[in-house]
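There are 6 protein chains.
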Amino acid sequence: MADGTELTHVGADGSARMVDVSAKAVTQRIATAQAVLSTTPEVMRLLVAGELPKGEALAVARVAGILGAKQTSSLIPLCHPLPISSAKVDFEPAESSVRIVATVKTTGVTGVEMEALTAASVAALTLYDMIKAVDRGAVIGELLVVAKSGGASGEWSREVPA
Amino acid sequence: MADGTELTHVGADGSARMVDVSAKAVTQRIATAQAVLSTTPEVMRLLVAGELPKGEALAVARVAGILGAKQTSSLIPLCHPLPISSAKVDFEPAESSVRIVATVKTTGVTGVEMEALTAASVAALTLYDMIKAVDRGAVIGELLVVAKSGGASGEWSREVPA
Amino acid sequence: MADGTELTHVGADGSARMVDVSAKAVTQRIATAQAVLSTTPEVMRLLVAGELPKGEALAVARVAGILGAKQTSSLIPLCHPLPISSAKVDFEPAESSVRIVATVKTTGVTGVEMEALTAASVAALTLYDMIKAVDRGAVIGELLVVAKSGGASGEWSREVPA
Amino acid sequence: MADGTELTHVGADGSARMVDVSAKAVTQRIATAQAVLSTTPEVMRLLVAGELPKGEALAVARVAGILGAKQTSSLIPLCHPLPISSAKVDFEPAESSVRIVATVKTTGVTGVEMEALTAASVAALTLYDMIKAVDRGAVIGELLVVAKSGGASGEWSREVPA
Amino acid sequence: MADGTELTHVGADGSARMVDVSAKAVTQRIATAQAVLSTTPEVMRLLVAGELPKGEALAVARVAGILGAKQTSSLIPLCHPLPISSAKVDFEPAESSVRIVATVKTTGVTGVEMEALTAASVAALTLYDMIKAVDRGAVIGELLVVAKSGGASGEWSREVPA
Amino acid sequence: MADGTELTHVGADGSARMVDVSAKAVTQRIATAQAVLSTTPEVMRLLVAGELPKGEALAVARVAGILGAKQTSSLIPLCHPLPISSAKVDFEPAESSVRIVATVKTTGVTGVEMEALTAASVAALTLYDMIKAVDRGAVIGELLVVAKSGGASGEWSREVPA
């Protein structure tokens with residue numbers, strides 16, 4: 000981790016750049032990110048309960064998140080393209096919210112935090128899209144990196160706010 | 000707004016579908032969404048202050064958000080493609096956070112909430128990407144629709160949590 | 000329909016072009032296309048039966064088909080971009096095959112056969128991807144336009160081979 | 000190849016996932032796939048004969064197939080992104096049909112069957128797009144993997160139906 | 000045309016934005032742009048002469064240009080998405096150069112200069128890609144708008160440098 | 000470099016193909032390309048001077064160029080996908096023109112000239128988009144490879160026309 004006195008993506012003259020990673024080691028890297036969609040108990044029942052016999056709303060969000068992970072370097076300008084070796088998106092429904100947890104792996108020279116965050120946020124936005132007609136006021140929050148491993152900075156994880 | 004007893008994007012058998020909007024009126028529609036990136040005062044100084052003479056970090060996030068708005072229907076599976084007629088992304092920096100506000104317009108048959116939300120979230124993720132080496136623990140939250148107008152449901156806005 | 004003596008997408012000198020549709024009328028247009036994936040009875044049980052409690056394999060293919068429809072003009076070089084107003088993908092499982100039926104609507108100047116065909120083929124390829132480890136020899140066939148309506152050529156449909 | 004009792008892309012709980020390939024060996028892999036477009040003898044003459052001095056209709060389909068191969072992991076949700084090292088698309092015209100043969104190579108951890116299938120199907124769809132005004136009833140069939148080599152499953156090929 | 004004292008894509012505070020075109024009239028608009036690739040007489044013979052019986056090098060560049068036109072709003076950040084109603088790319092070979100001429104039409108609220116320029120430049124880059132192994136020093140120049148019509152500014156054209 | 004008697008991207012029968020690079024060595028490769036946008040002194044003042052306190056016009060073009068580099072293999076049909084390890088775009092403003100210089104690195108089997116050229120041209124087109132309302136007659140020229148290193152052909156550079 001840098002010493003906090005400079006942004007790595009900005010050159011000495013303040014111009015943006017894609018950081019040179021050509022000297023970094025190829026290692027296996029994993030990152031897990033999450034987002035929380037807060038809505039109403041009624042909407043949660045629609046999303047996960049028997050009214051939707053195939054549970055397809057969550058499946059749509061899951062696919063969107065996985066595809067979103069693969070679009071990360073097209074969406075985030077200074078992000079490096081990475082060969083993703085696995086991606087999964089899981090849902091933990093609660094009474095009036097659902098936690099979306101995305102885990103991405105690569106064997107490459109940079110970490111996959113951005114891929115995991117993109118997967119979590121695209122999955123959350125896809126859920127919002129499907130419920131917005133019944134709860135326009137739903138909120139997405141706590142979009143953050145839960146844990147990462149691999150690379151020079153090694154293992155890192157955080158307490159997730161309850 | 001629907002009556003809350005069904006999800007519009009899911010058919011009677013629980014299968015996902017892209018809602019048929021062919022009978023909806025073409026009107027001018029506007030939506031504003033936001034996200035808040037919470038970090039440290041030091042990082043905020045790096046993002047907006049004199050050390051970055053060109054303020055280019057915010058410009059990168061702004062461009063990413065605008066481009067992201069145009070990718071919405073490729074990212075969100077059941078979203079309709081829309082001819083966006085304007086898009087802007089603004090930043091309101093505070094001591095240890097920055098509020099990202101995205102406003103999108105269209106003249107079309109569906110609203111642009113998803114485009115505004117996508118712009119706000121991609122801009123927020125782009126900022127996170129640029130600061131993650133100095134504050135990996137930064138959090139994106141309060142990603143929500145602030146206001147919308149146009150279409151059958153007319154004007155709508157919400158109080159934004161302070 | 001042309002008189003069969005020329006290809007509309009190729010100029011008098013044999014060069015390819017995107018046909019000029021600027022003088023065509025904006026009407027509502029619908030097209031339905033299909034594909035059939037032929038595999039084994041065992042694989043069909045895996046795809047649709049109780050072992051997959053969420054039926055998520057079909058949901059993944061459905062989402063892929065809908066997203067594929069929206070990518071049609073990026074994939075098919077001489078195809079016009081179209082504002083799709085609805086898209087759905089359904090599955091009709093049989094003993095050792097599954098029929099994929101895609102229906103797409105637009106309000107525009109060109110038909111949506113290519114969008115429906117692209118949806119059906121991407122959904123079929125997605126199913127193949129999920130079963131290839133257990134039945135590499137599965138075959139996709141009968142990819143064809145079932146019916147179309149709207150535009151100068153009016154209603155058209157065909158008998159689908161049984 | 001799996002033992003046929005489970006789908007590799009679906010977890011124990013039935014949820015879809017991108018299979019973890021991080022432990023697989025990097026080897027050279029090749030796959031060949033085909034599709035057959037069936038139309039009329041008149042259309043075949045238009046597609047390949049002297050009326051089109053530059054043969055540009057086939058060239059358009061070839062380019063579309065090659066570009067399609069590179070979009071595979073964006074189209075097929077659970078497909079891994081791969082660095083394609085070569086791609087070609089050939090045509091074998093017959094009296095009232097044309098066989099499209101696509102061969103793709105990579106040096107990577109997963110096979111390229113999906114890339115070859117995507118190339119063949121996008122090329123076939125592109126041909127259909129160019130002939131649909133003269134033969135809307137044309138059919139694409141026999142979309143299948145002809146042969147593959149490399150990786151743990153070694154060489155594999157099949158008899159192609161005549 | 001603006002009075003030359005401000006950039007339309009930059010707000011009063013210097014921040015970039017996608018200009019609001021929601022009040023502009025929908026009219027038919029056409030733009031023609033060009034680029035010139037300068038190389039050697041030998042390479043020109045390879046590109047257009049009998050050694051390439053199918054003339055496929057130019058066809059590849061033509062398709063790339065047409066597809067590129069459709070990607071314009073994804074590539075140029077502040078460009079509006081437009082429903083292109085036709086696109087063509089022609090080549091005028093000379094002794095040691097080839098002029099690429101792209102013409103794009105739309106029925107919409109903004110002009111299509113950027114689409115025509117993007118088509119011309121992507122076609123020129125595609126030609127360069129195919130000849131770079133034999134003439135790495137080839138140069139692309141004179142990339143400019145030749146003519147445009149439609150919209151508030153009416154007809155406009157320029158003398159093209161000989 | 001080939002001997003100038005054939006185009007590498009075209010097979011013996013004149014058909015286009017993506018060259019097989021599976022036997023090429025993985026080495027670090029760098030390429031620098033440029034483009035020059037010629038406009039008026041007034042426009043140059045708008046682009047770079049105090050009227051635009053944040054210099055955001057150049058930042059927008061820079062981001063567009065970097066994102067464009069990552070889209071190269073989607074835009075140029077016979078180009079191989081590459082894991083870009085760094086990309087930067089710089090501007091050298093003169094009295095009535097601005098030189099755009101793009102440098103791209105990879106560790107891979109093919110060079111990155113096309114990525115550098117694509118970055119330079121997309122950045123130039125983005126600048127044109129922002130100034131076209133005040134100088135429609137601006138011209139992009141001298142789009143060329145300045146230098147490359149890595150791979151079998153080693154170091155190469157050229158004099159840039161003054």
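Chains as they are written, first to last, in numbering that gives the first Met the number 0: chain R, 0 to 161; chain Y, 0 to 161; chain W, 0 to 161; chain S, 0 to 161; chain F, 0 to 161; chain D, 0 to 161. Note that the Cβ used here is the ideal one computed from N, Cα and C, for glycine as well. Predicted model, so just to flag it, every value in this text is computed and none were measured.
Quick one: using the 10 Å Cβ neighbour count with 16 as the cut-off for buried, is residue i buried or exposed?
i                      : result
residue 52 of chain Y  : For residue 52 of chain Y, the pLDDT reaches just 40, beneath the cut-off of 50, and the residue's location in the model is therefore unreliable, although a value from the coordinates is still provided. With fewer than 16 Cβ atoms within 10 Å of its Cβ, residue 52 of chain Y is classed as exposed.
residue 214 of chain R : There is no way to answer for residue 214 of chain R, as the model of chain R reaches only from 0 to 161.
residue 120 of chain W : buried
residue 140 of chain S : buried
residue 137 of chain D : buried
residue 103 of chain D : buried
residue 84 of chain W  : buried
residue 123 of chain R : buried
residue 159 of chain R : exposed
residue 12 of chain F  : exposed
residue 50 of chain S  : Caution applies to residue 50 of chain S, whose pLDDT of 47 falls short of 50 and renders its modelled position unreliable; the value that the coordinates give is listed next. So residue 50 of chain S ends up on the exposed side.
Note down, in chain order, each residue of its chain lying with its Cβ closer than 6 Å to the Cβ of residue i, except the 5 sequence neighbours on either side.
i                      : result
residue 89 of chain S  : 100
residue 94 of chain R  : 40
residue 80 of chain Y  : 72
residue 47 of chain S  : 92
residue 56 of chain Y  : 46, 129
residue 21 of chain S  : none
residue 146 of chain F : 31, 156
So for residue i, helix, strand or coil by DSSP?
i                      : result
residue 28 of chain F  : strand
residue 93 of chain F  : coil
residue 61 of chain W  : helix
residue 6 of chain R   : coil
residue 77 of chain F  : coil
residue 34 of chain D  : strand
residue 56 of chain W  : helix
residue 159 of chain D : coil
residue 68 of chain F  : helix
residue 20 of chain D  : coil
residue 82 of chain S  : coil
Excluding the 5 residues flanking residue i on each side, which residues of the same chain have their C-beta closer than 7 Å to its C-beta?
i                      : result
residue 78 of chain Y  : 71, 72, 113
residue 116 of chain F : 32, 142, 144
residue 96 of chain S  : 35, 36, 37, 38
residue 8 of chain F   : 15, 16, 18, 77
Taking 8 Å as the cut-off, is the C-beta of residue i nearer than that to any heavy atom in the ligand COA?
i                      : result
residue 158 of chain F : This structure does not include the ligand COA; it has no bound ligands of any sort.
For residue i, collect the residues of the same chain with a Cβ closer than 8 Å to its Cβ; drop the 5 residues on either side in sequence, then sort them by chain order.
i                      : result
residue 106 of chain F : 25, 26, 27, 28, 82, 84
residue 43 of chain R  : 92, 93, 94, 95, 96, 97
residue 75 of chain S  : 113, 117
State whether the segment 58 to 69 of chain F contacts the segment 52 to 67 of chain S, with contact taken as three or more CB pairs (one from each stretch) at a distance under 8 Å.
With a cut-off of 8 Å, the segment 52 to 67 of chain S and the segment 58 to 69 of chain F count as touching, because enough Cβ pairs lie within range.
For the segment 134 to 154 of chain S and the segment 93 to 112 of chain S, state whether three or more C-beta atom pairs, one from each stretch, are separated by less than 8 Å.
These segments touch.
Quick one: any contact between the segment 69 to 82 of chain R and the segment 11 to 25 of chain Y, if contact means 3 or more CB pairs under 8 Å?
No: fewer than three Cβ pairs fall under 8 Å.
Is it the case that the segment 73 to 89 of chain S contacts the segment 36 to 45 of chain S, given that we only count it when at least three CB pairs across the two stretches are under 8 Å?
The answer is no - the segment 73 to 89 of chain S does not touch the segment 36 to 45 of chain S, with fewer than three Cβ pairs under 8 Å.
Entirely enclosed beta strand (DSSP E) segments - the segment 91 to 147 of chain F, minimum 3 residues
Positions of the beta strand (DSSP E) runs, each at least 3 residues long and wholly inside the segment 91 to 147 of chain F, are given as 96 to 107 in order along the chain.
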